[in-house]
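K.L.:
Numbering follows the numbering used here, in which position 136 of the sequence shown is assigned residue number 146; successive positions increment by one, without gaps. Built from N, CA and C at the ideal position, the CB exists for glycine as well. On a predicted model such as this, the values are computed, not experimentally measured, just so you know.
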Amino acid sequence: MEDGEPLVQRALAARLPVELLTEIINIIAYDPIYDCRGQYLPIDSITISQVCRLWRDVALGSGGKLLWTRAPLRHNDVCVHAFMERSHPLPVSLAIELGAAGVSTTLVSLAAAVTHMDRVEEISFEAIYDETTNFNSEAEDQLRDRVYELLSDCPAPSLKKLTWSFVLDICDEPLSLPTKLFAGRVPDKLRYVRMISTAMTSQNIVLRAPLTSLELGHCMASWDSVDDLLNMLSRMPGLERFIFDNSIYPIVDNYQPSQIYTQRSVNLPYLCTLSFSPGDTPLTLSRIIFGYLHIPVNARVHLVAVINEETQQEDVTLLCDALAAHYHDNNLPDGQKFTFSAISIGLCGLNTDGLILHASHRNSTCLSLVLAEVPRRDRSGRAVMSEIVQSVLSLPITSRTTRFNIKHSNWFAMGRAADWTPLRSCMPELETICISRTALHGLAPVLLAPAQLDNTFPNLNRLYFEGLTFDKGGIAAAFFFVVLTRIAHHRAAHGHPLECILFRVCSGAAKLAEQLAVALPDVEIVHRRGSPDKRLIARKESQWDNGDADIPYPY
Numbered sequence: 011m012e013d014g015e016p017l018v019q020r021a022l023a024a025r026l027p028v029e030l031l032t033e034i035i036n037i038i039a040y041d042p043i044y045d046c047r048g049q050y051l052p053i054d055s056i057t058i059s060q061v062c063r064l065w066r067d068v069a070l071g072s073g074g075k076l077l078w079t080r081a082p083l084r085h086n087d088v089c090v091h092a093f094m095e096r097s098h099p100l101p102v103s104l105a106i107e108l109g110a111a112g113v114s115t116t117l118v119s120l121a122a123a124v125t126h127m128d129r130v131e132e133i134s135f136e137a138i139y140d141e142t143t144n145f146n147s148e149a150e151d152q153l154r155d156r157v158y159e160l161l162s163d164c165p166a167p168s169l170k171k172l173t174w175s176f177v178l179d180i181c182d183e184p185l186s187l188p189t190k191l192f193a194g195r196v197p198d199k200l201r202y203v204r205m206i207s208t209a210m211t212s213q214n215i216v217l218r219a220p221l222t223s224l225e226l227g228h229c230m231a232s233w234d235s236v237d238d239l240l241n242m243l244s245r246m247p248g249l250e251r252f253i254f255d256n257s258i259y260p261i262v263d264n265y266q267p268s269q270i271y272t273q274r275s276v277n278l279p280y281l282c283t284l285s286f287s288p289g290d291t292p293l294t295l296s297r298i299i300f301g302y303l304h305i306p307v308n309a310r311v312h313l314v315a316v317i318n319e320e321t322q323q324e325d326v327t328l329l330c331d332a333l334a335a336h337y338h339d340n341n342l343p344d345g346q347k348f349t350f351s352a353i354s355i356g357l358c359g360l361n362t363d364g365l366i367l368h369a370s371h372r373n374s375t376c377l378s379l380v381l382a383e384v385p386r387r388d389r390s391g392r393a394v395m396s397e398i399v400q401s402v403l404s405l406p407i408t409s410r411t412t413r414f415n416i417k418h419s420n421w422f423a424m425g426r427a428a429d430w431t432p433l434r435s436c437m438p439e440l441e442t443i444c445i446s447r448t449a450l451h452g453l454a455p456v457l458l459a460p461a462q463l464d465n466t467f468p469n470l471n472r473l474y475f476e477g478l479t480f481d482k483g484g485i486a487a488a489f490f491f492v493v494l495t496r497i498a499h500h501r502a503a504h505g506h507p508l509e510c511i512l513f514r515v516c517s518g519a520a521k522l523a524e525q526l527a528v529a530l531p532d533v534e535i536v537h538r539r540g541s542p543d544k545r546l547i548a549r550k551e552s553q554w555d556n557g558d559a560d561i562p563y564p565y
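#1: So which of C164, V262, D344 and R251 has the shortest CA-CA distance to M210?
#2: Is it buried or exposed for A559, if we count other Cβ within 10 angstroms and need 16 for buried?
#3: Can you tell me where the beta strand (DSSP E) holding D255 begins and where it ends?
#4: Could you check which residue in Y271, G518, T466 and I535 has the C-alpha nearest to that of T495?
#5: Rounding to the nearest angstrom, what Cα-Cα distance links K347 and T411 in this structure?
#6: State the DSSP-derived secondary structure class of A393, mapped to helix, strand or coil.
#7: What is the DSSP secondary structure of F489, counted as helix, strand or coil?
#8: Give the C-beta separation of S207 and F254 to the nearest angstrom, bearing in mind that I take them to be a contact with Cβ-Cβ under 8 Å.
#9: What are the start and end residues of each continuous beta strand (DSSP E) run of 3 or more residues lying completely inside the segment 68 to 123, in chain order?
#10: Taking all protein chains shown into account, decide if S584 is buried (16 or more other Cβ within 10 angstroms of its Cβ) or exposed.
#11: Between H338, S374, M395 and R372, which lies nearest to V380 when the distance is taken from Cα to Cα?
#12: Can you tell which of S186, Y202 and S351 has the C-alpha that lies nearest to the C-alpha of Q213?
#13: Report the partner residues of W233 according to the DSSP bridge assignment.
#14: With DSSP run on the structure shown, which of helix, strand or coil describes M127?
#15: Should D67 go down as buried or exposed, given a rule of 16 or more other Cβ atoms within 10 Å for buried?
#16: What are the boundary residues of the beta strand (DSSP E) that G452 is part of?
#17: Report the rounded CA-to-CA distance for F286 versus W233, giving the unit in angstroms.
#18: Does the beta-carbon distance from R472 to L450 come in below 9 Å?
#19: With distances taken between CB atoms, is the gap from V130 to W174 smaller than 9 Å?
#20: To the nearest angstrom, how far is the alpha carbon of E159 from that of S147?
#21: Quick one: what does DSSP say E324 is sitting in, helix, strand or coil?
#22: Which same chain residues end up closer than 8 Å to S446 when comparing Cβ atoms and leaving out the 5 residues on each side of it in sequence?
#23: Looking at A122 and D87, is the spacing between their C-beta atoms short of 9 Å?
#24: Taking the beta carbon of H371 as the centre, do at least 16 other beta carbons fall within 10 Å, making it buried, or is it exposed?
#25: Can you grab the Cα-Cα spacing for the pair A137 / K482, in whole Å?
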């Protein structure tokens with residue numbers, strides 16, 4: 011001591027305000043230069059924490075947690091042990107990379123990391139074996155087997171999230187997920203599982219955890235029967251998200267109805283998203299699985315299937331019954347009634363014989379039903395899909411629909427009274443019809459039928475047109491002018507006047523809009539000038555393709 015002051019002064023770095031030090035650590039942690047390291051910084055993390063006690067406390071606090079997110083699996087075991095010791099007791103994640111996924115994980119580092127498995131909250135496994143990868147197949151198989159052994163040696167009591175992904179351009183079928191991971195013990199804290207291009211069975215240990223999110227993309231998931239699959243779901247009462255997107259592989263060995271469960275007996279009260287896209291699997295499986303689930307009426311539901319030629323009538327009946335049962339009790343927790351506010355019919359990708367039905371509530375999509383027709387010479391598949399659409403549109407939940415979008419030339423657009431007539435009583439509060447392609451050819455006869463006017467969309471006051479092309483002096487523009495003026499005069503004479511006709515993203519519609527404005531002074535004619543590029547218009551016409559753009563998928 012000298013004059014009351016210590017002879018050894020604290021380093022200037024040790025006297026930085028905590029707020030400033032936290033900001034410095036954040037700048038280091040989020041520096042783009044570290045992206046190539048997989049977003050973990052083992053050397054920097056340890057160095058920062060060794061400056062002094064203040065730096066260590068800040069580095070291990072809430073402001074520095076990103077420094078310790080991933081264990082350094084690209085280094086040696088000494089680095090791993092130092093990292094784990096210095097970061098104790100913070101939770102860590104293991105990012106295992108094989109093949110062309112990045113700098114490959116080393117066995118010595120993984121072996122060291124699994125000795126701290128009680129602190130591991132997240133594991134991601136990614137193996138890329140594509141045609142551009144130069145690797146020794148036998149050596150990679152041995153490495154992967156050894157990784158499996160290490161992950162199977164110890165339980166994972168803290169594990170919350172598991173991601174398992176393969177990219178397999180050169181393999182005939184997915185590689186398997188080890189059945190007895192984590193010493194064969196169910197990780198009780200595991201809530202999130204995402205699998206991509208992985209083969210698995212119902213006996214896999216991770217599928218027995220109380221999950222809240224299960225995402226399976228292009229997986230070969232093998233269940234012996236529908237009951238086997240439903241048993242798995244019944245063990246997950248807290249499930250909030252179930253995604254099954256599979257374009258290649260079978261799901262169950264036996265498609266027969268359940269011998270154990272009754273309709274809507276598998277209760278999943280917290281499910282928010284159900285996306286079931288079993289690829290080429292017939293409609294049979296989609297309607298079976300959906301029919302047995304009891305989920306919230308406002309859950310986001312996406313179903314994809316092809317029509318099974320042999321059992322089409324049975325499938326249609328059961329699917330429609332399942333939809334009716336699901337939407338029958340439409341009471342929301344806040345006391346409001348759940349109803350569809352808008353319904354859309356669109357193209358099924360490039361398949362003009364298929365269709366997508368969208369239904370939304372409060373501007374959020376709640377149902378998308380994709381039906382792809384099995385080609386038939388007698389075209390009865392079209393009648394089957396029309397029956398499904400009519401059944402959905404006839405549900406009581408559609409009674410408050412105010413907007414109907416038609417973006418398909420084969421449904422509601424061919425002048426068929428059979429398409430439109432059943433809708434007269436389905437959507438009594440309909441205010442807006444938005445159509446593209448040739449849909450006006452089907453709608454016009456219905457709106458011009460005087461004997462049925464009182465029952466045909468009495469509240470309809472807006473007609474919107476999107477994605478249309480009007481060649482100068484062409485027949486299409488003349489047809490639209492004649493038909494729209496007749497419809498406007500007809501409805502006005504019967505006390506149901508149109509208020510607005512709108513053209514949006516249409517090529518060559520300016521002249522038509524001007525002529526309509528003169529002919530119909532009491533109707534607002536709006537022409538929103540968009541790009542005349544026909545490619546843009548084509549994209550606008552097909553905006554409903556796939557039907558699930560709002561659902562984040564696991565790839």
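P.N.:
Looking at the coordinates:
#1: If we check each option's Cα against that of M210, V262 comes out closest.
#2: Around the CB of A559, fewer than 16 other CB atoms lie within 10 Å, so the residue is classed as exposed.
#3: Counting along the chain, D255 sits inside the beta strand (DSSP E) bounded by residues R251 to D255.
#4: Closest by alpha carbon: I535.
#5: Straight-line Cα distance between these residues: approximately 13 Å.
#6: Three-state DSSP puts A393 in a helix.
#7: Secondary structure of F489 (DSSP, three-state): helix.
#8: Rounded, the Cβ-Cβ distance is 14 Å, inconsistent with contact.
#9: You should have 102 to 109.
#10: Nothing about residue 584 can be reported from this structure: the residues present for the chain run from 11 to 565 only.
#11: Nearest to V380 by C-alpha distance, out of H338, S374, M395 and R372, is M395.
#12: The shortest CA-to-CA distance from Q213 to any of S186, Y202 and S351 is the one to S186.
#13: Here W233 is bridged, per DSSP, to V262.
#14: Note: M127 maps to helix in three-state DSSP.
#15: Flag for D67 reads exposed.
#16: Where G452 is concerned, there is no enclosing beta strand (DSSP E), although the alpha helix (DSSP H) it sits in stretches over L450 to L457.
#17: Here the alpha carbons of W233 and F286 stand approximately 15 Å from one another.
#18: Taking the C-beta atoms as reference points, L450 is found no nearer than 9 Å to R472.
#19: Not in contact: V130 and W174 (Cβ atoms no closer than 9 Å).
#20: Cα to Cα, the separation comes out at about 18 Å.
#21: Helix.
#22: Cβ neighbours of S446 beyond the five flanking positions: I416, K417, F475, E476, G477, L478, K550 and E551.
#23: The answer is yes: Cβ separation under 9 Å.
#24: It is buried - the Cβ of H371 has at least 16 other Cβ atoms within 10 Å.
#25: If you draw a straight line from the Cα of A137 to the Cα of K482, it comes to about 56 Å.
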